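Just so you know, we're using our numbering here: the sequence shown kicks off at 13 and counts up by one. Cβ atoms here follow ideal geometry from the backbone N, Cα and C, with glycine treated the same way. Bear in mind that the values here come from a model prediction, so they are computed numbers and not experimental data.
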Amino acid sequence: MKKLLIFASALILTSCGTNKFLTNSVTASEISKLGYFEPSAYIQYIEKGNKPTFSDSLSGITRAKLDSLITENKSSLPLTKKIVIENNALKTRVENEMGYLAQLIGQQRNLKDIPLTPAIDSLMETNNQRFALSTVATGFGRRKGNYGGQVAKGLAVGILTLGMVVPSPIKSNLTLHAFIFDSEKNEIVFYKKLMPNKEKEPTDPEFIERQLTLLFNGYFYDKK
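1. May I ask you to check if the CB of T83 is nearer than 6 Å to at least one heavy atom of the ligand COA?
2. Buried or exposed for S71, going by 16 or more other Cβ atoms inside 10 Å?
3. Closest to M110 by CA distance: which of T225, T150 and F219 is it?
4. Are F193 and L46 close, meaning C-beta to C-beta below 7 Å?
5. Could you give the DSSP three-state label for G72: helix, strand or coil?
6. Check the Cβ-Cβ distances between Y231 and every residue of chain D, and say whether any is below 7 Å.
7. If contacts are defined as beta-carbon pairs under 8 Å, then Y57 and P64 qualify, I think. What distance do you get, rounded to the angstrom?
8. Could you check if A269 is buried or exposed, using at least 16 other CB atoms within 10 Å of its CB as the buried criterion?
9. Beta strand (DSSP E) containing P64: first to last residue?
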């Protein structure tokens, strides 16, 4: 769990999302074959108050829906081989490496001079993939009724402080990240982190599909 928290914290604490993507000199037209890692998801659940805890079940649902939607989009993305990691220790290492890379990108705000990490590079070479896509979902959901209670508390605080402080709770949240790695050049070709959505549930398939399209808008897809 500690290693999982390192991975999640690195992704959550990266700079704010955007509608723009970061890329290097490789264009989408140069990527004719794109392997893809099984998606990762770190979804938390708020049972009481505003204290989130990791939810294995919600994470599994989001991961499965994201995986299914990526597979369905094979006609519009040049996807080839799926890279599945059976070893849990290796999977944790890869997830932490992605968190580390996202943190570096957030700090320098570009992809320059960021080499691939050992486990990611090794898996791509083992699977004979020059390019590979990795998607990650982070976010949280709430117990039914919890949000209304937090809104009421916020209003009460607002009254007590004469409107100077009115805390506004977030109902739910989902953020998608996407990386494209190049093992031949040992670099990151593409990275995008979307703006967190503060209303949709992290397991909503229609919303996940819309977000997945937005990830590649202007790169694989014509800008809309």
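In terms of the structure at hand:
1. Of ligands this structure carries none, so the ligand COA is not represented either.
2. By the Cβ-count criterion, S71 is buried, with 16 or more other Cβ atoms from all chains shown falling within 10 Å of its own Cβ.
3. Nearest Cα to M110 within the set T225, T150 and F219: T150.
4. Going by C-beta atoms, F193 is not nearer than 7 Å to L46.
5. If DSSP states are grouped into helix, strand and coil, G72 belongs with the helices.
6. No chain D appears in this structure, which consists of one protein chain only.
7. About 7 Å; that satisfies the 8 Å criterion.
8. Since the displayed the chain opens at 13 and closes at 236, residue 269 lies outside it and no answer follows.
9. Following the DSSP letters along the chain, one finds P64 inside the beta strand (DSSP E) bounded by residues P64 to F66.
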